[in-house]
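Structure record follows, encoded as structure tokens.
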Amino acid sequence: MNKPISYASNAYSIPQKYADSHTRFWQRLANAGTWWSASERIQIAQEVRYAAECVACDKIQLALSPRHITDAHTQHSNLSPLAVEVVHNITRDQSRLSEAWYKSVLERGMTEEQYVEIVGTVVAMVSIDSFCLAIGQPLHPLPIPRSGEPSHYRPDSARDSEAWVSLIPADGNSGAESDLWDTGKTGYVVQAMSLVPDEVRTLKDLSAAHYLAMKDVRDPLARGDFLDRQQIELVAGRVSALNQCYY
Amino acid sequence: MSSQAQNKKINLDVITQGNSSSRDSLIPDSDILVDFAEAIVGGSPEEIKTSRDVLSAHMGDQAMIEAAGVASNFQRMVRIADATGIPLGGFEAASREIRSELVLDDFLLQKQN
Chain R
121 MNKPISYASN
131 AYSIPQKYAD
141 SHTRFWQRLA
151 NAGTWWSASE
161 RIQIAQEVRY
171 AAECVACDKI
181 QLALSPRHIT
191 DAHTQHSNLS
201 PLAVEVVHNI
211 TRDQSRLSEA
221 WYKSVLERGM
231 TEEQYVEIVG
241 TVVAMVSIDS
251 FCLAIGQPLH
261 PLPIPRSGEP
271 SHYRPDSARD
281 SEAWVSLIPA
291 DGNSGAESDL
301 WDTGKTGYVV
311 QAMSLVPDEV
321 RTLKDLSAAH
331 YLAMKDVRDP
341 LARGDFLDRQ
351 QIELVAGRVS
361 ALNQCYY
Chain G
4 MSSQAQNKKI
14 NLDVITQGNS
24 SSRDSLIPDS
34 DILVDFAEAI
44 VGGSPEEIKT
54 SRDVLSAHMG
64 DQAMIEAAGV
74 ASNFQRMVRI
84 ADATGIPLGG
94 FEAASREIRS
104 ELVLDDFLLQ
114 KQN
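Respectively, the protein sequence lines represent chains R and G.
In this note's numbering, each residue carries its 1-based index in the first sequence increased by 120.
In this note's numbering, each residue carries its 1-based index in the second sequence increased by 3.
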């Protein structure tokens, strides 16, 4: 039985919205996803944590040209070496991922749908673990996988795009995807994982707890409860710059 | 853009240069917030604790928690953008001036090379 995530033992009084949002992701993680089983999804989450100790990742980070390092990643799961490479690279060296590398991942047998679900799992894990580290909370134990099969659901409206991955156009989120954003009013960073719609749902859920509800992001007067908007964007901007993010 | 809407002037150097910037950001408590953000990205529990304690003492526990939430949110957002190769789209024109000031296009150039 997987227990809800709690911050009750933390030294600070952590608003319940964080535990609620993190619990919803943990519940998703414990179940079969769209392209990966529950067991595989939890192994992806484990590899996010193990990436910190990966010798190949250390070499890649130090290398002038990261893709010239061909050492096998230190692996602690039954995932394929390719899946581990994807998880570790997104976790540890995301600023130097290239379209050539992404295409090589597809050529080596991963589908773009599987890739997008890995991206969604990795980024949610990085965010939740990073929050725990920031507030001095031990990392939450990963959930126990439940039985079930991946749904293999691919939205009909997903198309090739200017991004590396296929995605749903801004004005194309009708039917089962109508909840993803206000039709026609969104940005690429929200659309980015729409090939696997549940990843966008998790993105929205975590963003609303950690930052701002997606509907408020473009409202320059939206602010936090304790930080004003300039302070929020300062933190966001500094974190993005340190991660060498162009977006 | 939020500063324009509120008619507030700020200096953006602190985004790319951190607290080594010679210009005051004009954002209240920016040095404390930047230290905390840098510690979170750096990942050292000791450095995080030091900057967390300073932030909590100066701005309150709830402001610290909110800053932790925002920082960890953007640890996620940068990875989404970088791992999916999304273009800037309409954001490019809207952010041209800010991008120039922050030299953000250098990151994109590095990524393409």
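Backbone N, C-alpha and C define an ideal beta-carbon position, used for all residues, glycine too.
How is tyrosine 138 of chain R classed by DSSP in three states: helix, strand or coil?
Within the first sequence, the letter at position 18 stands for residue 138 of chain R. Helix at tyrosine 138 of chain R.
Interfacial residues, the segment 346-366 of chain R to chain G, with Cβ spacing under 8 angstroms
Phe346, Leu347, Asp348, Arg349, Gln350, Gln351, Ile352, Glu353, Leu354, Val355, Ala356, Gly357, Arg358, Val359, Ser360, Ala361, Leu362, Asn363, Gln364, Cys365, Tyr366
Assess, as a yes-or-no matter, whether the segment 65-85 of chain G is touched by the segment 297-307 of chain R under the definition of 3 or more beta carbon pairs within less than 8 angstroms.
no
Would you say proline 135 of chain R reaches chain G, if we count a Cβ-Cβ gap shorter than 8 angstroms as a contact?
Residue numbering aside, residue 135 of chain R sits at position 15 when the first sequence is read from its first letter. At least one chain G Cβ lies under 8 angstroms of proline 135 of chain R.
Given leucine 226 of chain R as reference, the closest of R/Thr194, R/Ser286, R/Ser185 once Cα atoms are compared:
Counting from one through the first sequence, the residue named residue 226 of chain R turns up at place 106. Closest by alpha carbon: R/Ser286.
Under 8 angstroms between the Cβ atoms of alanine 165 of chain R and leucine 262 of chain R?
Position 45 of the first sequence, counted from the start, is the residue given in the question as residue 165 of chain R. Position 142 of the first sequence, counted from the start, is the residue given in the question as residue 262 of chain R. Taking 8 angstroms as the Cβ cut-off, alanine 165 of chain R and leucine 262 of chain R qualify as a contacting pair.
Compare the beta carbon distance of aspartate 213 of chain R and isoleucine 180 of chain R with 8 angstroms and say whether it is the shorter of the two.
Stepping through the first sequence from its first residue, residue 213 of chain R is reached at position 93. Stepping through the first sequence from its first residue, residue 180 of chain R is reached at position 60. Against a cut-off of 8 angstroms, the Cβ pair of isoleucine 180 of chain R and aspartate 213 of chain R comes out as a contact.
Could you check the C-alpha separation between alanine 203 of chain R and tryptophan 156 of chain R for me, to the nearest Å?
Here residue 203 of chain R refers to the residue found at position 83 of the first sequence. Here residue 156 of chain R refers to the residue found at position 36 of the first sequence. Spanning the two alpha carbons is a distance of roughly 11 angstroms.
Determine whether the Cβ of alanine 165 of chain R lies closer than 8 angstroms to any Cβ atom of chain G.
If you number the first sequence from 1, residue 165 of chain R lands on position 45. Chain G contact via Cβ: absent.
In angstroms, rounded to a whole number, what distance separates the CA positions of asparagine 209 of chain R and cysteine 177 of chain R?
In the first sequence, residue 209 of chain R corresponds to position 89, counting from 1. In the first sequence, residue 177 of chain R corresponds to position 57, counting from 1. So the alpha carbons of these two residues sit roughly 7 angstroms apart.
Between the segment 31-65 of chain G and chain R, which residues of the former have CB atoms less than 9 angstroms from a CB of the latter, in chain order?
Pro31, Asp32, Ser33, Leu36, Val37, Phe39, Ala40, Glu41, Ala42, Ile43, Val44, Gly45, Gly46, Pro48, Ile51, Lys52, Arg55, Ser59, Met62, Gly63, Asp64, Gln65
Residues in the segment 174-185 of chain R having any Cβ partner in chain G nearer than 7 angstroms:
none
Starting from the Cα of threonine 322 of chain R, find the closest Cα among R/Arg266, R/Ala333, R/Ala244, R/Gly268 and give me that residue.
Looking up residue 322 of chain R in the first sequence gives position 202. Considering only alpha carbons, the answer is R/Ala244.
May I have the straight-line CA-CA distance separating glutamate 383 of chain R from glutamate 237 of chain R, to the nearest angstrom?
Past the boundaries of the shown model lies residue 383 of chain R; chain R is included only from 121 to 367, so the question cannot be answered.
Helix, strand or coil: which one does DSSP assign to leucine 226 of chain R?
Locating residue 226 of chain R in the first sequence gives position 106, counting from the first residue. Three-state DSSP puts leucine 226 of chain R in a helix.
Cβ-based burial, methionine 121 of chain R [other Cβ within 10 Å; buried from 16]
Here the question's residue 121 of chain R lines up with position 1 in the first sequence. Exposed.
Exposure of tryptophan 175 of chain R, with buried meaning 16 or more beta-carbon neighbours within 10 Å:
Taking the first sequence and counting its residues from 1, the one referred to as residue 175 of chain R is at position 55. Here the sequence assigns valine to residue 175 of chain R, which means tryptophan is not the residue at that position. Exposed, because fewer than 16 other Cβ atoms sit within 10 Å of the Cβ of valine 175 of chain R.
Would arginine 338 of chain R be called buried (16 or more neighbouring beta carbons within 10 Å of its own) or exposed?
Indexing the first sequence from 1 puts residue 338 of chain R at position 218. Exposed, by the Cβ-count rule.
Where arginine 82 of chain G sits in the DSSP three-state scheme:
Numbered from 1 along the second sequence, position 79 holds the residue referred to as residue 82 of chain G. Three-state result, arginine 82 of chain G: helix.
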